[in-house]
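These notes are about the structure you will find just below.
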Amino acid sequence: MKRVSHRELAVASLARQMLLERQSVPVATAVRRLAALQAQYSPSPYVALFSRLAGFSPAQLEGALRRGSVVKSTLMRGTLHLVSAADYPSFAVAYHQQARAEFRGKYRNAVWDEQAVHRALVEFTAVPRSTDEIRERVGELCGDVIAANDLLNCARALVPMRHVYPSGAWRQHGKFSLVAWPEHTLPPEPAATALLVRRYLAAFGPASREDLAAFTYLRYKQLDPALGTDLVRLTDPDGRELLDLPRAPRPAEDIVVPVRFLPKWDAAILSYRDRSRILPAEHASRVIVKVNGQFLASYLVDGLVAGTWTAVREGPVSTVILTPFTAKVPAEVEREALGLSRFLEPDAADHKVIAQF
């Protein structure tokens with residue numbers, strides 16, 4: 001098997017994550033190429049696309065969400081994501097296979113008719129429902145068999161549901177509605193998991209079996225049948241087996257890598273068990289907050305995380321505050337930070353970048 005260096009892994013990931021050059025493609029196409037954008041913090045997908053698409057504006061993603069070509073839903077790892085509508089059915093089936101198994105395990109001693117509850121919830125959520133309405137309906141169907149704090153989780157485990165716009169809009173917070181995805185469009189689980197695996201490798205490969213499990217949160221007994229003979233086998237510098245698609249891009253390691261800013265929970269960092277290809281181990285504790293599981297907003301220099309950032313608005317002034325991991329901030333970082341500030345606060349009269357060492 002061919003051995004690939006850490007640098008080759010990094011530039012392959014950056015190429016597939018559209019972080020080597022901003023692309024001019026429709027938002028739905030970009031989201032599909034990226035597999036999924038983590039979306040529990042509503043501005044994150046917008047900052048992610050700012051760093052990946054030429055001339056991106058928030059209205060483009062909002063339009064895709066409104067039209068339904070991009071879908072917001074609870075998926076991998078039980079976390080909110082944006083995915084393409086074309087891929088959602090497969091991603092949902094693969095996720096719900098695991099979610100149902102976990103929910104059944106938690107309530108294995110409970111007496112309830114899961115199939116009857118499923119049918120009733122599919123009918124109930126055929127039109128948009130608030131989360132309070134869904135909790136109330138699950139309570140009516142299950143009585144006190146399901147704990148009060150698990151009523152919504154029960155519905156999410158049983159029924160693939162998407163968020164209804166304006167959930168997912170730029171800086172939107174607060175209550176939202178959910179609606180069931182048409183069940184007749186859902187593929188069989190083996191085909192669904194196989195597509196999820198290939199979308200993952202197209203966006204993040206080469207990657208290990210363990211990386212796949214970390215991203216999908218699926219058990220190996222569900223993942224392994226999807227790791228077919230069509231996949232390429234490689235090894236990393238430590239001899240671990242990596243999987244990849246046969247014709248996926250793997251640029252030369254000496255390619256020039258531009259500065260890029262990443263939002264909280266950017267998939268380019270969090271979608272691996274071994275994140276060292278982009279996040280050096282010595283800096284991991286400064287980006288990943290173990291207490292609450294946050295992945296701080298960060299920036300890349302030469303393809304590696306070189307610091308974190310925050311943005312503040314005070315009156316007419318927008319400021320990007322850098323926390324570098326090195327003693328010097330390259331001029332390209334400051335230029336890119338100013339562009340980010342203008343994207344975040346287009347009506348600000350002044351834009352500044354400061355570094356806090």
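Per the UniProt record's numbering, the sequence shown starts with residue 1, numbered consecutively. The C-beta atom is built at its ideal place from N, Cα and C for all residues, glycine as well.
When the options are compared against residue i, the one with the closest alpha-carbon
i, options, result
"residue 114", "266, 343, 14 and 159", "159"
"residue 262", "19, 3, 7 and 13", "19"
"residue 85", "65, 103 and 100", "65"
"residue 249", "173, 14, 72 and 303", "14"
"residue 327", "109, 355 and 312", "355"
"residue 92", "70, 186 and 58", "186"
"residue 129", "142, 176 and 172", "176"
"residue 76", "88, 7 and 68", "88"
"residue 199", "188, 212 and 145", "212"
"residue 222", "316, 99, 137 and 231", "99"
"residue 82", "188, 232, 309 and 27", "27"
"residue 90", "46, 32, 118 and 44", "32"
"residue 68", "57, 165 and 30", "165"
"residue 172", "194, 218, 59 and 216", "59"
"residue 315", "351, 12 and 189", "351"
"residue 36", "22, 21 and 17", "17"
"residue 10", "146, 237 and 309", "237"
Exposure label - residue i; buried when at least 16 CB within 10 Å
i, result
"residue 161", "buried"
"residue 307", "buried"
"residue 156", "buried"
"residue 62", "buried"
"residue 246", "exposed"
"residue 220", "exposed"
"residue 24", "exposed"
"residue 126", "exposed"
"residue 357", "exposed"
"residue 349", "exposed"
"residue 313", "exposed"
"residue 72", "buried"
"residue 287", "buried"
"residue 292", "exposed"
"residue 331", "exposed"
"residue 123", "exposed"
"residue 203", "buried"
"residue 153", "buried"
"residue 168", "buried"
"residue 192", "buried"
"residue 140", "exposed"
"residue 2", "exposed"
"residue 197", "buried"
"residue 290", "exposed"
"residue 21", "exposed"
Helix, strand or coil at residue i according to DSSP, with G and I counted as helix
i, result
"residue 173", "coil"
"residue 106", "helix"
"residue 18", "coil"
"residue 37", "strand"
"residue 300", "strand"
"residue 343", "helix"
"residue 279", "coil"
"residue 363", "Residue 363 cannot be examined here, being either before or after the span of the chain that is shown, 1 to 357."
"residue 221", "helix"
"residue 253", "coil"
"residue 63", "helix"
"residue 271", "coil"
"residue 227", "coil"
"residue 139", "helix"
"residue 186", "coil"
Which residues DSSP lists as bridging residue i, in chain order
i, result
"residue 351", "318"
"residue 309", "322"
"residue 288", "295"
"residue 2", "234"
"residue 163", "178"
"residue 130", "177"
"residue 81", "38 and 73"
"residue 207", "243"
"residue 23", "53"
"residue 262", "298"
Cβ of residue i within 8 Å of any chain C Cβ
i, result
"residue 19", "The chain labelled as chain C is not found in the depicted structure, where only one protein chain is given."
Three-pair Cβ contact test at 8 Å for the stretch 249-259 versus the stretch 267-275: Put simply, the stretch 249-259 does not touch the stretch 267-275. Fewer than three CB pairs are less than 8 Å apart.
Flag this pair as touching only if the stretch 278-294 and the stretch 205-214 have three or more C-beta atom pairs under 8 Å; answer yes or no. Taking 8 Å as the limit for Cβ pairs, the verdict is that the stretch 205-214 does not touch the stretch 278-294.
How do the stretch 247-255 and the stretch 121-138 stand: do at least 3 beta-carbon pairs fall below 8 Å, yes or no? Touching, no, given that fewer than three Cβ pairs across the two stretches are closer than 8 Å.
Taking one C-beta from the stretch 227-244 and one from the stretch 97-107 each time, how about it: are there three or more such pairs within less than 8 Å? The stretch 227-244 makes no contact with the stretch 97-107: fewer than 3 CB pairs, one atom from each, lie closer than 8 Å.
For the stretch 53-60 against the stretch 298-313, do three or more pairs of beta-carbon atoms, one drawn from each stretch, fall closer than 8 Å, so that the two count as touching? Flag = no, the stretch 53-60 and the stretch 298-313 do not touch.
Looking at C-beta atoms only, is the number of pairs between the stretch 319-336 and the stretch 281-301 that lie closer than 8 Å three or more? These segments touch.
Can you confirm whether the stretch 174-192 touches the stretch 32-41 when touching is taken to mean that 3 or more C-beta pairs between the two stretches lie within less than 8 Å? No: the two stretches stay apart, fewer than three of their Cβ pairs being nearer than 8 Å.
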